[in-house]
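Novice: For what it's worth, my numbering labels the leading residue of the sequence shown as 2, then goes sequentially.
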Amino acid sequence: MRRFLIAGNWKMNAGPTEAKKLADEIAETWNGKSPKSEVLICPPFVSIPFVVKSFRDTALKTGAQNVHSESNGAFTGEISTEMLQELTCEYVITGHSERREFFGETDAVVAAKTKRVVTNELKAIVCVGEKLEERKNDSHRDVVKFQLEAVINSIDNEYASDLVIAYEPVWAIGTGETASPEQAQEMHKFIRSILSDFWSETIADNIRILYGGSMKPGNAKELLSQPDVDGGLIGGASLDSSSFNEIITIAESITK
Ligand code: PEP
2 MRRFLIAGNW KMNAGPTEAK KLADEIAETW NGKSPKSEVL ICPPFVSIPF VVKSFRDTAL
62 KTGAQNVHSE SNGAFTGEIS TEMLQELTCE YVITGHSERR EFFGETDAVV AAKTKRVVTN
122 ELKAIVCVGE KLEERKNDSH RDVVKFQLEA VINSIDNEYA SDLVIAYEPV WAIGTGETAS
182 PEQAQEMHKF IRSILSDFWS ETIADNIRIL YGGSMKPGNA KELLSQPDVD GGLIGGASLD
242 SSSFNEIITI AESITK
């Protein structure tokens, strides 16, 4: 049984003041409750301590959107896994398409960061996904396989349980376009088969695969009901506390 992970990615939104307000609103709904789903918010680095504080009396978790692959040193502007652990982060997003596109992160960089995360007692949410032209020319499976294999090739199977994969078709991120539940299921099943071939069916069955790309209250039920969709990585809708809370409530109502 895979537990849903509902993760919010605030991207470069919500500085400390706004983050505290938003996190308080989310915490208020879940305070004293134990949701079946794991719920996570990944704020900008500077807002992490404020979100941690707001979530103090809840089961809600805090994560980061990025990390460096080294533990310390002359890497101006970067943040290490040790620093995130000190802030009590549990998860780190790696390989988000915006990092790949705007910050030149290659598959090798994503693999190094992911390895650093899982070997330092954190969990990685590894994003993979094809661009629109790759979907149109039917190469989306090859693209995703390549991205995924680049990462898992560098991870020992003892760390497989610290991996979460997020399938995020780039054409659906922040565009209002969503993969259909059938498209999402097909790709999630495909991703699970890659993990199964690489490690084992048992390991693959225990790795959660999130869908990301314009998930919102109106489409969450259908997407989350798919057998291989184990949660969501949510950008825009996680910046609205009532939408995010609604998605969590929807996840809570689904039994598979
Ligand atoms: C994301 O940033 O990972 C994402 C899925 O964004 P959105 O929900 O806004 O499409």
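Just so it is clear, CB atoms sit at the ideal spot from N, CA and C, and this is done for glycine as well.
Identify the residues that DSSP records as bridge partners of C43: which are they?
Specialist: As a position in the sequence shown, residue 43 is number 42, starting the count at 1. Per DSSP, N10.
Novice: Expressed to the nearest angstrom, what Euclidean distance is found between the alpha-carbon atoms of I204 and Q86?
Specialist: Taking the first residue of the sequence shown as 1, we reach residue 204 at position 203. Taking the first residue of the sequence shown as 1, we reach residue 86 at position 85. I204 and Q86: Cα-Cα distance of roughly 26 Å.
Novice: What whole-angstrom Cβ distance do I251 and P228 have, given they're in contact under 8 Å?
Specialist: Reading the sequence shown from its first residue, position 250 is the one you call residue 251. Reading the sequence shown from its first residue, position 227 is the one you call residue 228. Taking C-beta atoms under 8 Å as the contact rule, I251 and P228 fail to qualify, at a distance of about 16 Å.
Novice: Please classify G64: does DSSP put it in a helix, a strand, or coil?
Specialist: Residue numbering aside, residue 64 sits at position 63 when the sequence shown is read from its first letter. Strand, per DSSP.
Novice: One question on the structure: do Y92 and I126 come within less than 8 Å of each other, judged by their Cβ atoms?
Specialist: As a first step, residue 92 must be located in the sequence shown, where it is residue number 91. As a first step, residue 126 must be located in the sequence shown, where it is residue number 125. Their beta carbons are under 8 Å apart, which means Y92 touches I126 by this criterion.
Novice: Tell me whether H97 counts as near ligand 1, meaning its Cβ is closer than 7 Å to at least one heavy atom of that ligand.
Specialist: Numbered from 1 along the sequence shown, position 96 holds the residue referred to as residue 97. Yes - ligand 1 has a heavy atom lying nearer than 7 Å to the Cβ of H97.
Novice: At which residues does the beta strand (DSSP E) containing R209 begin and terminate?
Specialist: Sequence index remark: in the sequence shown, residue 209 carries index 208 (1-based). R209 -> beta strand (DSSP E) spans 209-213.
Novice: Under 8 Å: do the region 59-73 and the region 40-50 share three or more Cβ pairs, one atom per stretch?
Specialist: yes
Novice: Helix, strand or coil: how does DSSP classify L88 here?
Specialist: Reading the sequence shown from its first residue, position 87 is the one you call residue 88. In the structure shown, L88 sits in coil (DSSP, three-state: anything other than H, G, I, E or B).
Novice: By Cβ distance, which residues of its chain are closer than 6 Å to I235, with the 5 residues on each side in sequence left out?
Specialist: Position 234 of the sequence shown, counted from the first residue, corresponds to residue 235. Within the same chain, I235 has close Cβ partners G9, M216.
Novice: If you compare alpha carbons, which of K34, R117, M2 is closest to H69?
Specialist: Sequence index remark: in the sequence shown, residue 69 carries index 68 (1-based). Comparing Cα positions, the closest option is R117.
Novice: If you reduce the DSSP assignment to three classes, tell me which class I204 lands in.
Specialist: Taking the first residue of the sequence shown as position 1, residue 204 is located at position 203. Reduced to three states, the DSSP call for I204 is helix.
Novice: Quick one: is the Cβ of L234 within less than 7 Å of any heavy atom of ligand 1?
Specialist: Translated into positions along the sequence shown, residue 234 becomes position 233. Checking the Cβ of L234 against ligand 1 gives yes.
Novice: Sort W200, S48, V52 by Cα distance to A161 and report the nearest one.
Specialist: Taking the sequence shown and counting its residues from 1, the one referred to as residue 161 is at position 160. Answer by Cα proximity: W200.
Novice: Just to check, is the beta-carbon of A15 closer than 7 Å to a non-hydrogen atom of ligand 1?
Specialist: Here the question's residue 15 lines up with position 14 in the sequence shown. Result no, Cβ not under 7 Å from ligand 1.
Novice: Taking a contact to mean a Cβ-Cβ separation below 8 Å, would you say E71 touches S55 in this structure?
Specialist: As a first step, residue 71 is located in the sequence shown; it is residue number 70 there, counting from the start. As a first step, residue 55 is located in the sequence shown; it is residue number 54 there, counting from the start. Contact flag unset, no.
Novice: From this set, F245, I195, C90, D163, which residue's C-alpha is nearest E29's C-alpha?
Specialist: Within the sequence shown, the letter at position 28 stands for residue 29. Of the listed residues, the one whose Cα sits closest to E29 is F245.
Novice: Since N67 and R100 should fall inside the 8 Å C-beta cutoff, what is the C-beta to C-beta distance between them, to a whole number of angstroms?
Specialist: On the sequence shown, position 66 is the one that residue 67 refers to. On the sequence shown, position 99 is the one that residue 100 refers to. Confirmed, about 6 Å.
Novice: Taking only three categories from DSSP, how would you classify L240?
Specialist: Start at 1 with the first residue of the sequence shown, and residue 240 comes out as number 239. The answer is helix: DSSP assigns L240 an H, G or I state.
Novice: Reducing DSSP to helix, strand and coil, say where K21 ends up.
Specialist: Here residue 21 is taken as the residue at index 20 of the sequence shown, counted from 1. Helix.
Novice: Specify, as a first and last residue, the run of the beta strand (DSSP E) that I156 falls within.
Specialist: Position 155 of the sequence shown, counting from 1, holds the residue named residue 156. Premise fails: I156 is in no beta strand (DSSP E) and is neither H nor E.
Novice: In whole angstroms, what is the alpha-carbon distance linking E178 and G78?
Specialist: Position 177 of the sequence shown, counted from the start, is the residue given in the question as residue 178. Position 77 of the sequence shown, counted from the start, is the residue given in the question as residue 78. If I take the Cα positions, the gap works out to 34 Å.
Novice: Please list, in chain order, all residues of the same chain as T89 whose beta carbon is under 6 Å from its beta carbon, the five residues on each side excluded.
Specialist: As a position in the sequence shown, residue 89 is number 88, starting the count at 1. Excluding sequence neighbours, T89 sits near V53.
Novice: So, is E202 buried or exposed, given that buried needs 16 or more other C-beta atoms within 10 angstroms?
Specialist: Counting from one through the sequence shown, the residue named residue 202 turns up at place 201. Classification for E202: exposed.
Novice: Determine which residues share a DSSP beta bridge with T120 and list them.
Specialist: For this step, residue 120 is matched to residue 119 along the sequence shown. The secondary-structure analysis by DSSP pairs T120 with nothing; it has no beta-bridge partner.
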